[in-house]
Amino acid sequence: MSSRTCTAAVVGALALAAGCTSPDPPDRPCPPSQDGDRVLFDGTRESLDRWRMAGPGSFELQEDCSLRTVGGMGLLWFPEELEDYRLRLDWKMAGDDNSGVFIGFPEPGDDPWVAVDEGYEIQIDATDAPDRTTGAVYLHQGADGAAVARALEPPGEWNTYEITVEGRTVTVHLNGVLVNSFDSDRSDGDLSGHVGLQNHGEDDDVYFRDIYVAELVDG
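Here the sequence shown stands for residues 26 to 244, where the numbers follow this note's numbering.
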């Protein structure tokens, strides 16, 4: 994660724009500002309203302008289809919780299982089997365990995923450390589609913030 910290004025302005109720939001890393980054969610209600929800679960805007998973199984997904891109976001778990970032799935309607069955999930779960723990492409390829151990922040602390989708290759960086590189075996070689966040279940307590995407351009 970046060590830069937003000034109180900047954080306060973000809270005001989001309608967050905390009068003095804590200092936190500034949102990413790499060339080409485009906001998908920046803590404001306006940016959250651009997303869609499938399934019975939900995501609630918090006082610190992050999102928290609430309720049962669900999928918060972005309605624009993406192809060859870099997705960057922060996440944290309260404890031994479960969630994931989905990529490359078709429009799910109201069925969150479309993302599970027809896309790929970059897992968030520090204590499961190797092919379904943090940094894994769920049920397809486990992450580099040693790299994850070096990079992963503990429950209650923020982590950053940078997920790059290019051609049929998916790479996953955790807090700047490469933890997975996966080549899809889809017959059509096409990883274009939607991105989304999983609400795994009622007992899982996971937070997200600062979601950005950048298109990859040749040359």
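Backbone N, C-alpha and C fix where the C-beta goes; we use that ideal spot for every residue, glycine too. Bear in mind that the values here come from a model prediction, so they are computed numbers and not experimental data.
Boundaries (first-last residue) of the beta strand (DSSP E) holding residue i
i: S116; result: The sequence shown places Trp at residue 116, rather than the Ser named in the question. First-last of the beta strand (DSSP E) with W116: 110-118.
i: G199; result: In the sequence as presented, Gly is not what sits at residue 199; that position holds Leu. From DSSP, the beta strand (DSSP E) with L199 extends over 194-199.
i: V242; result: Note, V242: premise wrong, no beta strand (DSSP E); not H, not E.
i: L216; result: Element bounds for L216: n/a, residue is neither H nor E.
i: E85; result: 83-86
i: V126; result: 124-130
Under 8 Å between C-beta atoms of residue i and residue j
i: V126; j: Y186; result: yes
i: R70; j: L86; result: yes
i: A168; j: V204; result: yes
i: P137; j: A79; result: yes
i: N184; j: D115; result: yes
i: V238; j: R75; result: no
i: G97; j: G226; result: yes
i: V202; j: A172; result: yes
Boundaries of the alpha helix (DSSP H) in which residue i is found, first to last residue
i: W102; result: Unbroken run through W102 is the beta strand (DSSP E), 99-102; no alpha helix (DSSP H).
Paired residues, beta bridge with residue i - DSSP
i: R234; result: D115
i: G61; result: Paired residue(s): none; G61 is not in a bridge.
i: N205; result: V197
i: N184; result: W116
i: A189; result: First, the amino acid is wrong: residue 189 is Thr here, not Ala. Partner(s): R111, T196.
i: G134; result: Answer by DSSP bridge pairing: none, since G134 is not bridged.
i: G221; result: W102, F127
DSSP three-state assignment for residue i, whether helix, strand or coil
i: G167; result: coil
i: E143; result: helix
i: S72; result: helix
i: R93; result: strand
i: R175; result: helix
i: R77; result: strand
Closest residue to residue i among the options (Cα-Cα distance)
i: E182; options: A119, R193, I188; result: A119
i: G82; options: E88, G170, T94; result: T94
i: P180; options: H219, Y232, G97, G144; result: Y232
i: D210; options: V195, A172, L222, L199; result: V195
i: F103; options: P133, E143, A176; result: P133
i: D121; options: L101, M98, E240, D228; result: D228
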